[in-house]
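Comments concern the structure below.
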Amino acid sequence: MSNTPSDLRYAKSHEWVRLESDGTAVIGITDYAQNSLGDITYVQLPKVGATLNAGEAFGVVESVKAASDVYLPISGTVLAVNETLNSAPETLNTEPYGAGWILKLKPVDAAQANSLMDAAAYAQANV
Amino acid sequence: MADLKRTPLRDFHAAHGARLVDFAGWEMPVQYRSILDEHKAVRRTAGLFDVSHMGEVDVRGPEALKFLQRLVTNDVASLFPGRVLYSPMCYPTGGTVDDLLVYLRAPNDYFLCINAGNIDKDLAWMRALARDFEVTLTDRSPDYALLAVQGPQAAAIVQSLTSAKLNLIKYYHFGEGTVAGVHCLLSRTGYTGEDGFELYHAAGDAVALAEALLTAGAPHGLELAGLGARDSLRLEAGYPLYGHELNTELSPLTAGLGWTVKLNKADDFNGKAALAEEKQSGSKQKVVYFKTGDRRIVRADSPVFSAGEAVGRVLSGTLSPILNEAIGSALISASAVAQPLHADIRGSAVQLTLVKPPFVPLKKT
Chain Z
1 MSNTPSDLRY AKSHEWVRLE SDGTAVIGIT DYAQNSLGDI TYVQLPKVGA TLNAGEAFGV
61 VESVKAASDV YLPISGTVLA VNETLNSAPE TLNTEPYGAG WILKLKPVDA AQANSLMDAA
121 AYAQANV
Chain F
1 MADLKRTPLR DFHAAHGARL VDFAGWEMPV QYRSILDEHK AVRRTAGLFD VSHMGEVDVR
61 GPEALKFLQR LVTNDVASLF PGRVLYSPMC YPTGGTVDDL LVYLRAPNDY FLCINAGNID
121 KDLAWMRALA RDFEVTLTDR SPDYALLAVQ GPQAAAIVQS LTSAKLNLIK YYHFGEGTVA
181 GVHCLLSRTG YTGEDGFELY HAAGDAVALA EALLTAGAPH GLELAGLGAR DSLRLEAGYP
241 LYGHELNTEL SPLTAGLGWT VKLNKADDFN GKAALAEEKQ SGSKQKVVYF KTGDRRIVRA
301 DSPVFSAGEA VGRVLSGTLS PILNEAIGSA LISASAVAQP LHADIRGSAV QLTLVKPPFV
361 PLKKT
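Taken in order, these protein sequences are the chains called Z and F.
Mapping of the first sequence onto full-length UniProt numbering: position 119 corresponds to residue 119, and the numbering continues sequentially without gaps.
Mapping of the second sequence onto full-length UniProt numbering: position 331 corresponds to residue 331, and the numbering continues sequentially without gaps.
Shown next as C-alpha cells:
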C-alpha cells in the first residue's frame, strides 16, 4: 500500500505540496508515483529563480522504465532545488516525502493548494 | 491480464511480491523489489530467474543433423553429446528467424531452446523445412519449466542440492541429474554473462524446485530476479536480444555475430548465399554498443546522429548499474562507425562512445 501523509496536498499528476509556516512550499512526487516508476535513475531539476505556472512541467523524473515529466501543482518562483538528487536520484524511491523532495517554491498564491486533493481523495483515486 | 499465458511459477512470483507484466504474451515478473538491486545481486552473488516461457523442441531422426545444418548458420556437426551450441537461424535473405541453443543428447537426438515470443513462428518455419528430411519435431514447450541460477555463487548453490559433479560440466556443456529431488537437464549456460546453470525440468516440479533453490541460495545471497534485470544484464554483457539486436531484417553478420556464421561448413544452409554476399561486400549497417558517461537513458528507437545527420537508431538502452552510466546498442550506417556519434535527450546532445562489449569484466567458467 502506498503511503499518503495527511498534511500534504496532492495533484492528479502525482506531485505533492507541503505549505511551510514561513510561506514557502515544498514539492515532490508521491510514494505511489515513485513505486509505479520503479528504480529512479535521473532527475532533471528546474533552475533556481525560474517562475512557473501551475500545471507547467518543471522537470523530468527518469526510471529504468521511462522518462516522465513532472508538473508544478501551484504557481511560483523556484527558491531551491534538491541537489542531492543529482548524485542520489534513488532518494526519490526511498524517501519521497522527506530527503527526496524536489524543489522549494515561493508561491504566487498559497491558497491555490486548496484546489488540490487532500490525502483521502488522493488515496481513494490511487489504490 | 486474463488472456496472457502463465508459467507454472506465476503464483509463486505473485506471492514473492513480483510486478507482473505482459512479456511476449506471457504474464512474467519484470521485477520483485528493484531492477537495479537484482542486477547487482547477480553480478555479486546470484539471482534466480524463471524463464519457463522459453520454448523447447525435440529434433530426432536419422536426418536430424542434416536438417539442423540446413536450419542454422553455426556448425551443428561440431557438437558431441553433452555440448551446447548457440546459433542464429536465418531466412534465405539473411535476416534472422530466431537465435537458439542446440543441445546434442545422443546421436540423432537434439533438443532446442527458442525464444518465447517466436515459438509459433519458429515451429512453422522448422516444420516447413523438415518436410525435406527424415526428422521428427516435437514441441515440448508446455512440458518444460526452466529456472536459471546466475552469478558467481550459482554453482555452489546448485551443487548444494545435487550429487551431480558440476565441476565436470564446463561452460556451454550440460548434464543430467537430480536437483532437490527434481530431475533436471543441467546446462551451464545463461544470458547474464555470469557463470550459471539453466535447469530444464518437468513443469509440475517448478514450484518445488524454485522453493528449494531459494532456501539453499539464501545463505549465498541468492535473490529472485525478473526480466528487467535479465535485460540490463544481457545488454551489459553485450548479448543480442531477439526483437532488438536481431530480427527479420537484421542478419547475424550485421549484428556482430560473424562467429556464428560458418560459411565453410560442409552443408548448405538457409541464408548462406545472402550472408556470403554480405560478408564479401561488407555490411551496410552495423549493430554497435555504446556508453554515454551520463545517467540519462537513451531509449530504444531514439535517432543517432553524426554531424547533424541521422545515421541510425538505438536498439536497446538502459542504465548499467555497475558502470553507473547509460549504455545501449544502436543500428548505424557502417560508414558512420568511425565518426563522432550522438543522441538527443530532451534537447541536449549526448555523446555515444562506442565500446566492444562486454561493458564490464565477466568471469565465465
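Here a beta-carbon is modelled for each residue, glycine too, at the ideal position from N, C-alpha and C.
Being a predicted model, the structure only gives us computed values, none of them experimental.
Under 7 Å from the C-beta of residue i: neighbouring residues of chain F
i: Z/E62; result: R296, I297
i: Z/G38; result: Q31, I35
Per-residue contacts from residue i into chain F (C-beta, under 9 Å)
i: Z/D118; result: The contacting residues do not exist; Z/D118 stays about 28 Å from chain F at best.
Cutoff 8 Å: residue i Cβ touching any chain Z Cβ
i: F/G228; result: yes
i: F/T7; result: no
i: F/T318; result: yes
i: F/R346; result: yes
8 Å Cβ cut-off: residues of chain F touching residue i
i: Z/Y71; result: None at all; the shortest Cβ gap to chain F is about 15 Å.
i: Z/Y97; result: None at all; the shortest Cβ gap to chain F is about 19 Å.
Rounded separation between residue i and residue j - CA only
i: Z/G55; j: F/K5; result: 41 Å
i: F/G17; j: F/L331; result: 36 Å
i: F/V102; j: F/D11; result: 30 Å
i: F/T365; j: Z/T24; result: Unreliable positioning characterises F/T365 in this predicted model, as indicated by a pLDDT of 48, which lies under 50. A coordinate reading is not provided.
i: F/S160; j: F/M28; result: 28 Å
i: Z/R18; j: F/K363; result: 49 Å
i: Z/G2; j: F/F23; result: What sits at residue 2 of chain Z in the sequence shown is Ser, not Gly. Taking the straight line from one Cα to the other gives about 26 Å.
i: F/T93; j: F/D301; result: 24 Å
i: F/Q69; j: F/Y32; result: 41 Å
i: F/I322; j: F/G95; result: 33 Å
i: F/L209; j: F/L354; result: 41 Å
i: F/E236; j: F/A124; result: 33 Å
i: F/L146; j: F/D50; result: 6 Å
i: Z/F58; j: Z/K12; result: 15 Å
i: Z/V61; j: F/L36; result: 16 Å
i: Z/I40; j: F/I327; result: 16 Å
i: F/A273; j: F/A180; result: 48 Å
i: F/S329; j: F/W259; result: 19 Å
i: F/D205; j: F/L9; result: 10 Å
i: F/L275; j: F/K121; result: 22 Å
i: F/V287; j: F/T254; result: 6 Å
i: Z/L116; j: Z/A110; result: 11 Å
i: Z/S68; j: F/R296; result: 12 Å
i: F/G293; j: F/Q351; result: 8 Å
i: F/A15; j: F/A212; result: 15 Å
i: F/H220; j: F/G47; result: 10 Å
i: F/E194; j: Z/Y97; result: 38 Å
i: Z/I29; j: Z/T84; result: 15 Å
i: F/K262; j: F/S78; result: 11 Å
i: F/Q280; j: F/A202; result: 46 Å
i: F/V182; j: F/G55; result: 20 Å
Neighbour flag for residue i against chain F, beta carbons, 8 Å
i: Z/T41; result: yes
Counterpart residues of residue i in DSSP-defined beta bridges
i: F/G55; result: F/I114
i: F/T183; result: Here residue 183 of chain F is His; the residue named in the question, Thr, does not match the sequence. In DSSP, F/H183 forms a bridge with F/T178.
i: F/I169; result: According to DSSP, which records beta bridges pairwise, F/I169 is partnered with nothing at all.
i: Z/E62; result: Z/Y42, Z/A67
i: F/F359; result: DSSP output for F/F359 lists no bridge partner at all.
i: F/T136; result: F/R60
i: Z/S13; result: In the DSSP output, where bridge partners are listed per residue, Z/S13 has none listed.
i: F/D50; result: F/L147
i: F/D99; result: F/P88
i: F/Y200; result: F/L146, F/L185
i: F/W26; result: F/K5, F/F23
i: Z/P96; result: Per DSSP, none; premise fails for Z/P96.
i: F/D109; result: F/R60, F/A106
i: F/V261; result: According to DSSP, which records beta bridges pairwise, F/V261 is partnered with nothing at all.
Any C-beta of chain A under 8 Å from that of residue i
i: F/D58; result: Of the chains in the structure shown, none is chain A; the protein chains are Z and F.
Residue i beta carbon near the ligand PLP (any heavy atom closer than 7 Å)
i: F/K291; result: Absent from the structure shown: the ligand PLP. Ligands present: none.
Runs of alpha helix (DSSP H) lying entirely within the region 216-247 of chain F, each at least 4 residues, in chain order: Runs of the alpha helix (DSSP H) inside the region 216-247 of chain F: 227-237.
In chain order, each beta strand (DSSP E) run of at least 3 residues that lies wholly inside the region 275-349 of chain F: Here the runs fully enclosed are 285-291, 303-306, 309-320, 325-333, 341-345.
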